[in-house]
Each structure stands twice: as C-alpha cells, then as structure tokens.
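Residue numbers (our numbering): 1025 to 1703.
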C-alpha cells in the first residue's frame, strides 16, 4: 500500500479541482473538440506524441497485435483521419516520428461520424498534419548501458516527405533492451514446516534486440485516398541463467535460452466518399512470422532440452460502409474475412530421452468471417446513443498429434449512451458482449526449464465470452485539466485459465476453460497542468486501476481470482518544459503495487515487484540537435517470486515445499543524440 500512496494522494488532490468551475476552455458538447497547434506551445512539445499527452482526459490505447482480425484490434489514435493499415504498427513510435511543427491540430472525437471508425472507444484522437510540402529526415544514435557493465549501441533513421495529398515515410531502427528479468539474487527452498531444504545464488542476464524497417505511401486515387504499408521486423532474445548452490559439493545448474522471431507484413487501405454523406473503406493485409526457440539446461550429469519452431500467418480483408442518414442518425455496416494459420513443432528431452507432450506437433487453420451493423443516434439535447451488432463465425481445423475440427458462432452486441451534462460533466453508460480471441500459442506445448514448468497444448480450448456493464464520469476541472472515473462489472463464461491434462505417461498443466467468473473494476485517470500550483510548464498525469475477479478453482472447488490478473495497476507521470533552458524533463513511475498469482494443478505462484521509475531530460543543443539522457531504476529494482508445490494436486495433496526467489535487477542508462534535417 505504501507504493500506491503517491498516485492516490495526487489524484485526490487534483480531483478537488471539481469544486471550482471549469474556466477558459470548457469541454466541447459537440462531436469534436479541436486543439490547434498554438494550444500546445507552452508545453514545448517535440513531436505529436508529446502533444497528445497534453490532451486532457485522453489516454493512448495501442492496437492489439495479438487479436486476430482488424476491427477488434484498432487503437484510439488516427493520423489524418485514418487508422494504420497494420495493427502491428506501434502508434506511439509513429507519433514520435511526427515533428510538432508538422501538426496543424489535434481533434478529440467523441462520436462516430462519416469516415471515422471509433472501434468501440469512447474517445478517439485524430492527428491532422499541415498540408504544406515538407521533407524531413532525422538520425538518432546513442548508447544504452546497465549498471552491471552491459552496453550496446542503438540507432534509428527516419525520413518523411509530403506534397499535396501525397506522402512517403520510412523508418529503420535497431533497439537493444536490457530486460528486467536480468539480475542477481537468491533461491531458497523450504519444507512446509519452514526448515531449509536448499539454497543457491541466481545470476540471470536477459538481452533483447528489436530490428525494424517500415515504409508507407499515401496518395489520391479515383476520388479517394490510398495508403500502402510494408514492414520487416526481427526480434532476438538471449537469456543466460546460473544457479550456484551454497553447498559447494552440489553441482551448479546452467540454463541457456535463445529465441528468434522474424515477421514480414504488407497492408493496403482505400477510403472514398460518395455524395458527401457516404464513406467506403477497404482494408487488406497479410502477415507472415517465423519463430525459432531453444532452451538447454544442465546440472551435473542431468540435462534437459526444449526446441520449438513455429510458422504463423494471417491474411485478412475488410470493407466498411458509413452513411449519414441525417444530422441525427448515422448508419454503418462492415464485412470482414480472415484466414489464420500456425504450424508448430516442439520437442522436449530429458537426458536425451524424448518426453511425450500433448500439442507438440500441431497444424492449425482458421477461417473466420464477421458481419457488423451499427447506428449512432442523437435524439436531442445532449444525448448520444450508439448501438452495434457483430456476428462472427469461424472454423478451426487442427491436425498433428491432436486432430480436431470445430465451428463457432458468436453474436457481439454493443449499446452505449452518453450525456453531456450541464457545465463540465459527461456521463457514459455501456453494455457490451465481447468474445475473447484464442491465442494459437495455447494450442502448442511449451516449457520453461528455468522454473521447471512444462505446459501441454490444449486442442479443445474455447474463447471466453464476457458481458460488460460500464459506467463512466468525466469531469473538466480547470483549463486543460480533467479526470475520468470508470466503474465496470464483467460476467464471464468459459474463463480461460489453467487446467490439468492427463496422458498415459504423465500429467501436465495446460491453458483451458474453467467455467464462469466475474470481475469488478474501478479505473481513475487524471491529467492536469500545474501552473495554478506555481509549477510553470508542468503537467501531471496519473492512472489507477483496481480489479477484483472471482472464479471457481477447477482443482479445489474453492473461489479464487483469475490467474495472472493484477489487482492493482497504477502509474504516475510528471513532465515540465523549461523554455529558458531549452529543455524539458520528467519522471515516470509505473508498475506501482504490481503483483499477480498463478494457479496450476500442483502449484501456486505469487509474483510481486517494486515500482519502476524513469527519469529523463532532453535539451535542445541547437536548432536541429537534441540530446536526451534517460535513467531507469538506477539503484536497482527488486522482484520476488514465491512458488508453493504440492505432493499431488492442490486438492488432495499436502504442501511439499515453498521456493522463494528474490532478485534485484540493475539500473539502465541511455544517452541519445538526434539530428534533424529539413522542415
């Protein structure tokens, strides 16, 4: 609770602003609230991302690359009125590549209108760039290092050119990362009575590297707008872990993990308006991925090995039609089709002997189609009613060691009502039925030799279905300050958690459906400039989410929370522009009070971590030169994992031992220099 005190107190203090009426800039009651570029000058933004952080009551939601399909994965940020054709596009990175001087305005959109896809979000931000012909180039180079001696270079190249309605963007980056799974610590295993069974020292080094090249082109075509995107991505992760027993007579355990992921993606998007009231949008994309992973563990004369090779593919097409029937009524419809595939082969060996794993040889193909209709109605006054219905049907065919074919059909209705009350208040109420997207990785066997956890694949996994009732209150405080309070209740069927899989030779843990569940949550977001508190050019933003879930444990029959859900997610961010010093700086604290619990048939694992903080400062050295220094967890950050293992299942077995891992990860420092050309 001590870690949580700071953001809670800050939120409460700022929330007191509701006692005084909003001034100078009350919230818009129409569909769009426009922030001209001049509005952001005081905050000295470098790019569109910095500008968007200054928009009150708005939080960036990235597109979800793990969701199959297009419409369900969209984020809440548009650029020149369009969502990215690729759902893998990191919108934060895209915004950081748009210089602030290239932004004409930012539109905060509250209601679906012709040509705008809200994707179920209450608010959508549209970044509108200036129409003047410009050419911009930037080179970014630097060094990232950890306090325990690791270092690596990082670099990026960006190019953009716009003329009339045509534009070309190119970005290339090499980005190494010192993962917070790294660090040194201890491992202590005790019996149920508390007596020490085993003790060892842990030393882990986890290094990730991401390489990416993206390109996009847009131009007018047949009275519409055509956008093309392409991307090549590569990710590499290397983890080396050593467990050294305190008892020198025992052998050390060495574990090596290597993972390589390559992706290629291409997308096209076309938008055209007809008769000033109808908009047609067509989207198509294809993505291919290749994953190679292996782990090797050795302790004395014993060895384990796990190998996996997986190929994935996604091909989709979507067409949407929006028609403004009148000033009060807008109708929409859409049709989407997709083909998804996964081909995976996994092998586990213990002392060179193969271990049979369910789901170790899998080929999955899914054909999915979805139709949707929707309407936005303004009955009068300050009321807005939005309704939509999506119907999905799919066929999943699995071959390999667990052949199976299944068909699914789901309806996903949505109803939302918004009232822009008098003064500075807005109220929203929504009822939605969501269907979770199956992760094909859950169909495939996996292993973690570090923790000794072997997971089988589950060919009979079904998506969870959730009815969500949500109410939100948004309050404008003073100029550019607002908070949002959201309360939600979820009723979930076919909760995806962990189940027991029994084979003739062994028993395994696997992803599976465990029945019905529920979840209650409260979210609080506040964003405000601090000038009225005497801190010129400063802004504070804080977000806190509390959630409490309940399901029936399939092993014990007792109620518990859903595995791996964090009861609290909180962050607080402070930024300040110092124009006289040509500098801005800030501090971000996140992962506040982070903890989670995972339930397996014979284990309960509880993880917790200390809050993470990042301090940064960026100075403008000359007109086109910038220097950025960033420090993360300089004095280290603590992690704890406690795993209770049972002799048998948790229902009929006794607690056998408790393993506790305490680890402290090193701090990370990065220095980057950016040189811009053009403008």
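All residues carry an ideal CB built from backbone N, CA and C; glycine is no exception.
Cβ neighbour criterion (16 or more within 10 Å) applied to residue i
{"i": "residue 1107", "result": "buried"}
{"i": "residue 1218", "result": "exposed"}
{"i": "residue 1352", "result": "exposed"}
{"i": "residue 1645", "result": "exposed"}
{"i": "residue 1462", "result": "buried"}
{"i": "residue 1419", "result": "exposed"}
{"i": "residue 1453", "result": "exposed"}
{"i": "residue 1098", "result": "buried"}
{"i": "residue 1649", "result": "exposed"}
{"i": "residue 1026", "result": "Summary for residue 1026: the model assigns pLDDT 43, below 50, so the residue's position carries little reliability, and this model does not support an answer."}
{"i": "residue 1513", "result": "exposed"}
{"i": "residue 1403", "result": "exposed"}
{"i": "residue 1103", "result": "buried"}
{"i": "residue 1585", "result": "buried"}
{"i": "residue 1177", "result": "exposed"}
{"i": "residue 1533", "result": "buried"}
{"i": "residue 1245", "result": "exposed"}
{"i": "residue 1057", "result": "buried"}
{"i": "residue 1604", "result": "exposed"}
Of the listed residues the options, nearest to residue i (C-alpha basis)
{"i": "residue 1367", "options": "1535, 1397, 1332 and 1391", "result": "1332"}
{"i": "residue 1591", "options": "1445, 1582 and 1619", "result": "1619"}
{"i": "residue 1409", "options": "1444, 1682, 1357 and 1477", "result": "1444"}
{"i": "residue 1382", "options": "1356, 1424 and 1411", "result": "1424"}
{"i": "residue 1271", "options": "1225, 1280 and 1230", "result": "1225"}
{"i": "residue 1114", "options": "1236, 1189, 1125 and 1223", "result": "1236"}
{"i": "residue 1321", "options": "1166, 1663 and 1473", "result": "1473"}
{"i": "residue 1289", "options": "1305, 1355, 1694 and 1257", "result": "1257"}
{"i": "residue 1375", "options": "1389, 1658, 1324 and 1552", "result": "1324"}
{"i": "residue 1623", "options": "1238, 1667, 1204 and 1066", "result": "1667"}
{"i": "residue 1643", "options": "1692, 1690, 1630 and 1697", "result": "1697"}
{"i": "residue 1196", "options": "1239, 1074 and 1636", "result": "1239"}
{"i": "residue 1686", "options": "1516, 1639, 1632 and 1102", "result": "1632"}
{"i": "residue 1183", "options": "1176, 1192 and 1579", "result": "1192"}
{"i": "residue 1494", "options": "1506, 1611 and 1515", "result": "1515"}
{"i": "residue 1264", "options": "1388, 1251 and 1205", "result": "1205"}
Cβ pair residue i, residue j closer than 9 Å
{"i": "residue 1428", "j": "residue 1393", "result": "no"}
{"i": "residue 1187", "j": "residue 1123", "result": "no"}
{"i": "residue 1705", "j": "residue 1210", "result": "For the chain, the structure presents residues 1025 to 1703; residue 1705 sits outside this window and is missing."}
{"i": "residue 1253", "j": "residue 1207", "result": "no"}
{"i": "residue 1460", "j": "residue 1437", "result": "no"}
{"i": "residue 1242", "j": "residue 1189", "result": "yes"}
{"i": "residue 1260", "j": "residue 1283", "result": "yes"}
{"i": "residue 1303", "j": "residue 1344", "result": "yes"}
{"i": "residue 1628", "j": "residue 1594", "result": "no"}
{"i": "residue 1496", "j": "residue 1550", "result": "no"}
{"i": "residue 1016", "j": "residue 1180", "result": "Absent from the structure is residue 1016, since the part of the chain shown begins at 1025 and ends at 1703."}
{"i": "residue 1524", "j": "residue 1625", "result": "yes"}
{"i": "residue 1227", "j": "residue 1266", "result": "yes"}
{"i": "residue 1395", "j": "residue 1357", "result": "yes"}
Residue i - DSSP class collapsed to helix/strand/coil
{"i": "residue 1117", "result": "helix"}
{"i": "residue 1219", "result": "coil"}
{"i": "residue 1572", "result": "strand"}
{"i": "residue 1067", "result": "helix"}
{"i": "residue 1240", "result": "strand"}
{"i": "residue 1418", "result": "strand"}
{"i": "residue 1275", "result": "coil"}
{"i": "residue 1563", "result": "strand"}
{"i": "residue 1153", "result": "strand"}
{"i": "residue 1351", "result": "coil"}
{"i": "residue 1663", "result": "strand"}
{"i": "residue 1466", "result": "helix"}
{"i": "residue 1555", "result": "helix"}
{"i": "residue 1148", "result": "strand"}
{"i": "residue 1052", "result": "At residue 1052, the pLDDT of 43 sits below 50, so the modelled position is not reliable; the number obtained from the coordinates is stated separately. Coil."}
{"i": "residue 1587", "result": "coil"}
{"i": "residue 1399", "result": "strand"}
{"i": "residue 1074", "result": "helix"}
{"i": "residue 1687", "result": "strand"}
{"i": "residue 1194", "result": "strand"}
Using a Cβ distance threshold of 8 Å, determine whether the region 1294 to 1312 contacts the region 1272 to 1283, with at least three qualifying pairs required. no
For the 8 Å Cβ check, are there 3 or more pairs between the region 1555 to 1564 and the region 1598 to 1609? yes
Measuring CB atoms only, is the region 1308 to 1319 touching the region 1333 to 1346, in the sense that at least three cross pairs come out at less than 8 Å? yes
Would you check if there are 3 or more beta carbon pairs closer than 8 Å linking the region 1536 to 1546 to the region 1565 to 1578? yes
Would you say the region 1146 to 1161 touches the region 1128 to 1135, given that touching needs at least three Cβ pairs under 8 Å? yes
Count Cβ pairs between the region 1651 to 1663 and the region 1681 to 1691 that sit closer than 8 Å; are there 3 or more? yes
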